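Colleague: Residue numbers (my numbering), protein chains in the order written: chain A, 192 to 445; chain B, 192 to 445.
Cβ atoms here follow ideal geometry from the backbone N, Cα and C, with glycine treated the same way.
Treat the numbers as computed from the prediction; the structure is a model and nothing was measured.
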DNA sequence: CGGTTAGTTTGGTACTACCAATTTGACAAA
DNA sequence: TTTGTCAAATTGGTAGTACCAAACTAACCG
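Shown next, in the form of C-alpha cells:
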C-alpha cells in the first residue's frame, strides 16, 4: 500500500541490532542506490515504530562501518557511499595495535605481498604505467639531493609509490591490502628514512626495482625487493635493540 | 572517589565522536586492562557531563569496532576484550561485497597467500603440526567415501584446514588474512564441493599438499597449490559462463 | 543447608524538548 | 531582473526523564 515499507517493525529484544541489520541489508541489496539517502531519523522512527535513540544507534553503526556518510541540516541525513579502504585499514590498524604484532611480522607480510604485486605488475601494467613508476622513483632520488629532506614528504612519497605499484597489479584486492597496510602500520617504514645511510639506499632500491619492472625482468625485480626488506629488517633490528621506551607507564585507573 | 577522572568533559560539537576517541585511546593505551570494564553508562554520563545517549553511541561504536563486549544486568557494562579476526573480516567482507570484486580476483589473491603460507609452514611448523595436517586431510578424504556427503560439512572442514595451515606459518597476520578471507568471501570455494568430480580432486589435492608439507618439499607443495587453484579457476569459469572478465574495474575505485 | 524471592545494578528503549547546522524560499533593495 | 538578507523548515546532535528487562546479590524462608 505504501512504497516506504521496505522495513518492518521489530518487537523482540535487541531492536537496535535488528534495525541496523535490516538497513545494512537494504543497502547491500542496493534497494537504496549509492548517493541516495536514508529517510530521516524521525521518519525511520515512525517506520520502525521505535524510539529515535535506537535509530540513531543503528545509523551510527552503519557510519562506523563506512556504509553511510551523515550530513546535518535540511537535505541532510545518512547518504549511502562507497566503502573506502580506509575503513578496513582502520580495523586492521586496531587489530595490529591491540595484538602487539611486531614489525618483523609486518615486514614479512609486506614483502610477500610486494613480491606478488611486482610479478603481476610486470605482466599486466602497460608501458606508460611502468615508465611513470620509474619517473616517480627518480623524483624520490632527486629529493635526496636537495639540502632539506623532509622525512614526512619522503614517507608520503614512498606510500604513494607502493599504492601505485599495487594498482599496476590490476587486482583491487592487492590495492586494498596495500592501502590498509600503509594506513595501519607503516610507521616502521619511516625508520628507513630516518638515518641518512639507509635513506639513500632505500631510494636507490626503489629506483632499481622500478627499472627492472619496466625492463620486464621479474627475477631481478624480486631481488631488489628482497634487498629492500633485508634493509628494513636490519633497520628494525637496530631500532628494537635500542633501550626501552616509555611505553608502559601510569596506570592510574580506579 | 570521583576525584581524578582520566576523561575530560567536552563542550564543542561532535561530543559523541570525541568521547568515543577518548575511551578508545584509553583502551589502546591499556589504561583499562583487558577483561576489566568501563564505568557504567550513568557514571560516564556524570564524568563526561553529557547525556546518556551520547555515551551509549560512543560505547556502541567501540562495540562495533570489537574493542568491547557489552553485558547487561548488575556487574554488566562494557568489558574490554581482544579484537578478533572476525571483526576485521566483516569489514573486508563488506568491502568485497560492495566493490563487486569478482571471484577470480579473490582466487588469485588467495593463491598468492597460500603459496607464502605453505613455504613458511614448511620452514617453521614442527613435525607434530605437519602430521596433524595430514591427518585432517585424510579425514576429508574419508568423508567422501561415506554415502551422505554434506556440502556444508565439507566446506567447514576445508575452512578449518586453511586456518590450520595459516597458523603453521607462525605469522599472525597471515592467520588473520586467511580468517578474514574465509569469513568474507569463501562462498566460491564451496563450488568446488558442489560437483562430485571436482570434490574428490580437491580433497585429494589437499591431502597431497599436506603430505608434501610434511615431507618438507616446498616445490612440490607449491605445485599442489597451483593445481588446486587451477581447478578452482576452471570451476569459476564454468559457473560464470558468460565472462567478459577483462578489466572493467577502471572506474569502480578511485 | 538450600532454594526462593526481593532488591539493586546496569544496559535497552521510549519520549520529549531544545540546540545547531544547513537548505530553501520569500521578500526587500539595488 | 537581479541580488542580498533573513526567516522558516528540515534534520542531525544533545540533554534529560522515565520505565522495562536482564543479571547479579543478598536476605529470607523452607
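Spell out a yes or no on whether the segment 352 to 372 of chain B and the segment 276 to 286 of chain B are touching, meaning 3 or more CB-CB pairs, one atom from each, closer than 8 Å.
Modeller: yes
Colleague: Below 9 Å on C-beta distance, what does residue 285 of chain B contact in chain A?
Modeller: 215, 219, 256, 257, 258, 274, 278 and 279
Colleague: Could you say which of A/431, A/397, A/426 and A/424 lies nearest to residue 415 of chain A if we only look at CA atoms?
Modeller: A/397
Colleague: Would residue 412 of chain B and residue 313 of chain B be called neighbours here (beta carbons separated by less than 8 Å)?
Modeller: Yes; because the gap between Cβ atoms is below 8 Å, this pair is in contact.
Colleague: Would you say residue 252 of chain B reaches chain A, if we count a Cβ-Cβ gap shorter than 8 Å as a contact?
Modeller: yes
Colleague: With a cut-off of 8 Å on the beta carbons, I'd call residue 307 of chain A and residue 405 of chain A a contact; round off their distance for me.
Modeller: The Cβ separation is near 18 Å, so there is no contact.
Colleague: Under a Cβ-count criterion, where at least 16 other Cβ atoms within 10 Å of its own Cβ denotes burial, should residue 224 of chain A be classed as buried or exposed?
Modeller: Counting Cβ neighbours within 10 Å, residue 224 of chain A comes out exposed, since fewer than 16 surround it.
Colleague: From residue 351 of chain A to residue 237 of chain B, what does the alpha carbon distance come to, in whole angstroms?
Modeller: 45 Å
Colleague: Could you run through the segment 227 to 246 of chain B and flag, in chain order, every residue whose CB is less than 7 Å away from some CB of chain A?
Modeller: 244
Colleague: Indicate whether the contact test is met: 3 or more Cβ pairs, each with one atom in the segment 211 to 222 of chain A and one in the segment 239 to 257 of chain A, closer than 8 Å.
Modeller: yes
Colleague: For residue 219 of chain B and residue 231 of chain B, I'd like the C-alpha separation in whole angstroms.
Modeller: 19 Å
Colleague: Classify residue 269 of chain A as helix, strand or coil using the three-state DSSP reduction.
Modeller: strand
Colleague: From residue 445 of chain A to residue 228 of chain B, what distance separates their C-alpha atoms?
Modeller: Only weak support is given to the placement of residue 445 of chain A: the predicted model assigns it a pLDDT of 33, under 50, and the value that follows is read from those uncertain coordinates. Each residue's Cα considered, the two are about 11 Å apart.
Colleague: Please compile the residues from chain B whose C-beta is within a distance smaller than 7 Å of the C-beta of residue 288 of chain A.
Modeller: Listed along chain B are 219, each with a C-beta nearer than 7 Å to that of residue 288 of chain A.
Colleague: Below 7 Å on C-beta distance, what does residue 420 of chain B contact in chain A?
Modeller: Simply none; closest approach about 13 Å.
Colleague: I'd like to know if residue 362 of chain B contacts chain A, where contact means its C-beta is closer than 8 Å to some C-beta of that chain.
Modeller: yes
Colleague: Using a beta-carbon distance below 8 Å, is residue 206 of chain A in contact with chain B?
Modeller: Output row for residue 206 of chain A: interface = no.
Colleague: Buried or exposed: residue 391 of chain B, going by 16 or more other Cβ atoms within 10 Å of its Cβ?
Modeller: Counting Cβ neighbours within 10 Å, residue 391 of chain B comes out exposed, since fewer than 16 surround it.
Colleague: Determine the direct distance from the alpha carbon of residue 394 of chain B to that of residue 429 of chain B, and round the result to whole angstroms.
Modeller: 20 Å
Colleague: Indicate, with yes or no, if the ligand SAH has a heavy atom lying under 7 Å from the CB of residue 426 of chain B.
Modeller: Absence of the ligand SAH is noted for the structure shown, with no ligands found whatsoever.
Colleague: Quick check on DSSP: helix, strand or coil for residue 192 of chain B?
Modeller: Only weak support exists for where residue 192 of chain B lies, its pLDDT of 41 falling under 50; the value from the coordinates is given anyway. If DSSP states are grouped into helix, strand and coil, residue 192 of chain B belongs with coil.
Colleague: Excluding the five sequence neighbours on either side, which residues of its own chain have a C-beta within less than 7 Å of the C-beta of residue 353 of chain A, listed in chain order?
Modeller: 369 and 373
Colleague: Buried or exposed: where does residue 203 of chain B fall if 16 or more other Cβ atoms within 10 Å of its Cβ makes it buried?
Modeller: Unreliable placement is indicated for residue 203 of chain B, whose pLDDT of 46 sits below 50; the coordinate value is still reported in the next sentence. By the 10 Å Cβ count, residue 203 of chain B comes out exposed.
Colleague: Could you give the DSSP three-state label for residue 228 of chain B: helix, strand or coil?
Modeller: strand
Colleague: Could you give the distance in angstroms between the alpha-carbon of residue 334 of chain B and the alpha-carbon of residue 320 of chain B?
Modeller: 21 Å
Colleague: In this structure, what does DSSP give as the bridge partners for residue 260 of chain B?
Modeller: BP columns for residue 260 of chain B point to B/270.
Colleague: When you compare the CB positions of residue 302 of chain A and residue 384 of chain A, do they come within less than 8 Å of one another, or not?
Modeller: Between residue 302 of chain A and residue 384 of chain A, the C-beta spacing is not below 8 Å.
Colleague: Nearest by alpha-carbon distance to residue 226 of chain A: which of A/206, A/259 and A/239 is it?
Modeller: A/259
Colleague: Give the secondary structure of residue 362 of chain A by DSSP, where H, G and I count as helix, E and B as strand, and everything else as coil.
Modeller: coil
Colleague: Going by the CB atoms, is the gap between residue 375 of chain A and residue 253 of chain A shorter than 8 Å?
Modeller: no
Colleague: Can the beta-carbon of residue 328 of chain A be found less than 8 Å from the beta-carbon of residue 401 of chain A?
Modeller: yes
Colleague: With 8 Å as the threshold, decide whether the Cβ of residue 299 of chain B is near any Cβ in chain A.
Modeller: yes
Colleague: Excluding sequence positions up to five away, which residues of its chain have a Cβ less than 6 Å from the Cβ of residue 311 of chain B?
Modeller: 360
Colleague: Enumerated in chain order, which unbroken segments of the alpha helix (DSSP H) with a length of 4 residues or greater are wholly contained in the segment 304 to 359 of chain A?
Modeller: Given a length threshold of 4 residues, each whole run of the alpha helix (DSSP H) inside the segment 304 to 359 of chain A is given here in chain order: 318 to 336 and 342 to 359.
Colleague: Quick check on this structure: which residue in A/424, A/244, A/291 and A/233 has the alpha carbon closest to the alpha carbon of residue 458 of chain A?
Modeller: Not covered by the structure: residue 458 of chain A. The range shown for chain A is 192 to 445.
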